[in-house]
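Engineer: Position one of the sequence shown corresponds to residue -4 (the numbering used here), numbered consecutively onward.
I'd like to ask you about the structure that follows.
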Amino acid sequence: MTTVTPRSHTLPEASAETYASWFACLAEPTRVRLLHAVATAPMGLTVGALTALLGISQSTCSHHVRKLADTGFVLLHKEGTATRVSVNYACCAGLPHAADAVMGLLDQRPCCPDDVATDVSVRALREHDWTAVRRIYSEGIATGIATFDTSVPTRAALDGAWLPDHRWVAEIDGEVVGWTAASPVSSQAHAAGVADTAVYVADGQRGRGVGSALLRRLVTAADDAGLWTLQASIFTGNRAAIALHHAAGYRTVGVRERIAQRDGIWHDTIFAERRAAA
């Protein structure tokens, strides 16, 4: 087994100062309420309207609005004797990026662990593997947290959806115990290097390193082929799959709330992506 020593990173001083000023500005609850009120008002709000809405004095409101404006969260526009406050979308869009940068989520990540299971072999999918692939797909459906599908797609549907050079199966002692594949997200030329990915491990074979071995082959082959972004949607309750993807260099971009129903129940998914180093 290879021991991987985590790399140490230092956030640039200028970035740290900028982010600290943003977080410090929002460390006051009244400013958070003000920013929320302005951000949810399509045309913005006047200071007078904000004062009435939040139930604070006009001097207090003006003080906090000025702090938000100085940091860049809001923009101020004079309308006669009134001041209209609107959200600065450019600054607010940068706030999640700042949090990701501070937490190290934007750092280049390693491909995946080197200590993959030695008894798992991964190879390209062949014609005679389809029966096993569809059976394993069915076993994934049965877990209730692998896919929104309630029936296994046909072989023709899968064959047509998956990129020909990015479909792999894992074997243990000659038995197919898992598969992974990538599908194009669009037929448009600008998205030629972006693909959705999926990985399924057979019932009774989970926890043996099959998923790690599969994803390792998938992402290294994708890098070699010039795919620059791999993405995956994962049920928030599928903690094992989330950890598996993070270990393979994916990062969580966001959570999509109530994205779809499965058996009449709404589910959230996380949206994860992996960017090629180049």
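The beta-carbon is built from N, C-alpha and C at its ideal position, and this holds for glycine as well.
Does Gly199 pass the burial test, meaning 16 or more other C-beta atoms within 10 Å, or should it be called exposed?
Structural biologist: Reading the sequence shown from its first residue, position 204 is the one you call residue 199. Gly199 is exposed by the Cβ-count criterion.
Engineer: For Arg270, tell me which candidate among Leu40, Ala47, Cys106, Val82 has the shortest Cα-Cα distance.
Structural biologist: What you label residue 270 is simply residue 275 of the sequence shown in a count that begins at 1. Nearest C-alpha to Arg270: Cys106.
Engineer: Just mark Thr145 as buried or exposed, buried being the case when its beta carbon has 16 or more other beta carbons within 10 Å.
Structural biologist: For the purposes of this step, residue 145 is taken as residue 150 along the sequence shown, with counting starting at 1. Exposed: under 16 other Cβ atoms inside 10 Å.
Engineer: Residues in the same chain with beta-carbon distance under 8 Å from Ser16, minus the five sequence neighbours each way, listed in chain order, please.
Structural biologist: Within the sequence shown, numbered from 1, the residue matching residue 16 stands at position 21. Same-chain partners within the cutoff: Thr66.
Engineer: Helix, strand or coil: how does DSSP classify Glu8 here?
Structural biologist: Taking the sequence shown and counting its residues from 1, the one referred to as residue 8 is at position 13. If DSSP states are grouped into helix, strand and coil, Glu8 belongs with the helices.
Engineer: Please identify the residue among Ala141, Ala152, Asp160, Met98 whose C-alpha is closest to the C-alpha of Arg257.
Structural biologist: For the purposes of this step, residue 257 is taken as the residue at position 262 of the sequence shown. The candidate whose alpha carbon is nearest that of Arg257 is Ala141.
Engineer: Any contact between the stretch 181 to 196 and the stretch 219 to 232? By contact I mean 3 or more CB pairs, one from each, below 8 Å.
Structural biologist: yes
Engineer: Among Val172, His262, Ala151, which has the Cα closest to the Cα of Val117?
Structural biologist: Counting from 1 along the sequence shown, the entry for residue 117 is found at position 122. Answer by Cα proximity: Val172.
Engineer: Return the first residue and the last residue of the alpha helix (DSSP H) that Leu48 is part of.
Structural biologist: Along the sequence shown, read from residue 1 onward, the residue named residue 48 stands at position 53. Unbroken alpha helix (DSSP H) run through Leu48: 42 to 49.
Engineer: Among the residues of its own chain, which have a CB less than 6 Å from the CB of Ala77, if the five just before and after it don't count?
Structural biologist: Translated into positions along the sequence shown, residue 77 becomes position 82. These residues qualify, in order along the chain: Thr41.
Engineer: Should Ile260 be labelled buried (16 or more other beta-carbon atoms within 10 Å of its own) or exposed?
Structural biologist: The sequence position of residue 260 within the sequence shown is 265, counting from 1. The residue in question, Ile260, is exposed, as its Cβ has fewer than 16 Cβ neighbours within 10 Å.
Engineer: Assuming contact is defined by CB atoms lying nearer than 9 Å, are Val60 and Leu48 in contact in what I supplied?
Structural biologist: For the purposes of this step, residue 60 is taken as residue 65 along the sequence shown, with counting starting at 1. For the purposes of this step, residue 48 is taken as residue 53 along the sequence shown, with counting starting at 1. Not a contact, by the Cβ cut-off of 9 Å.
Engineer: Suppose you measure from the CA of Ser10 to the CA of Phe18; what does that come to, to the nearest Å?
Structural biologist: Within the sequence shown, numbered from 1, the residue matching residue 10 stands at position 15. Within the sequence shown, numbered from 1, the residue matching residue 18 stands at position 23. Taking the straight line from one Cα to the other gives about 12 Å.
Engineer: So, for Asn233: in the same chain, excluding its five sequence neighbours on each side, which residues have a beta-carbon less than 6 Å away from its beta-carbon?
Structural biologist: By one-based count along the sequence shown, residue 233 stands at place 238. For Asn233, where only same-chain residues beyond five positions count, the Cβ hits under 6 Å are Ile140.
Engineer: If you draw a straight line from the C-alpha of Ile167 to the C-alpha of Val115, how long is it?
Structural biologist: Indexing the sequence shown from 1 puts residue 167 at position 172. Indexing the sequence shown from 1 puts residue 115 at position 120. C-alpha separation (whole angstroms): 5 Å.
Engineer: Name, in chain order, the residues that DSSP records as bridge partners for Ala193.
Structural biologist: The sequence position of residue 193 within the sequence shown is 198, counting from 1. DSSP, once it has assigned bridges, lists Ala176 as partnering Ala193.
Engineer: Rounded to whole angstroms, what is the Cα-Cα separation between Cys20 and Leu153?
Structural biologist: Here residue 20 refers to the residue found at position 25 when the sequence shown is read from its first residue. Here residue 153 refers to the residue found at position 158 when the sequence shown is read from its first residue. Looking at the two C-alpha atoms, the distance is approximately 51 Å.
Engineer: Pick from Trp125, Cys86, Val69: whose alpha carbon is nearest that of Thr13?
Structural biologist: Here residue 13 refers to the residue found at position 18 when the sequence shown is read from its first residue. From the listed residues Trp125, Cys86, Val69, the smallest Cα separation to Thr13 is found for Cys86.
Engineer: Quick check on His161: buried or exposed, where buried means 16 or more other Cβ atoms within 10 Å of its Cβ?
Structural biologist: Taking the sequence shown and counting its residues from 1, one reaches residue 161 at position 166. Buried, because 16 or more other Cβ atoms sit within 10 Å of the Cβ of His161.
Engineer: What whole-angstrom Cβ distance do Thr264 and Leu213 have, given they're in contact under 8 Å?
Structural biologist: As a first step, residue 264 must be located in the sequence shown, where it is residue number 269. As a first step, residue 213 must be located in the sequence shown, where it is residue number 218. Not really, about 19 Å apart at Cβ, beyond 8 Å.
Engineer: Do Ile131 and Ala216 count as a contact pair if the criterion is CB distance below 9 Å?
Structural biologist: For the purposes of this step, residue 216 is identified with residue 221 of the sequence shown, where counting begins at 1. For the purposes of this step, residue 131 is identified with residue 136 of the sequence shown, where counting begins at 1. No, the Cβ-Cβ distance between Ala216 and Ile131 is not below 9 Å.
Engineer: I'd like the list of long-range same chain contacts for Val33, defined as Cβ closer than 7 Å, with 5 residues on each side in sequence excluded.
Structural biologist: Your numbering for residue 33 matches position 38 in the sequence shown. Counting only Cβ-Cβ distances below 7 Å, and skipping sequence neighbours, we find Gly39, Leu40, Val69, Val80, Ser81, Val82.
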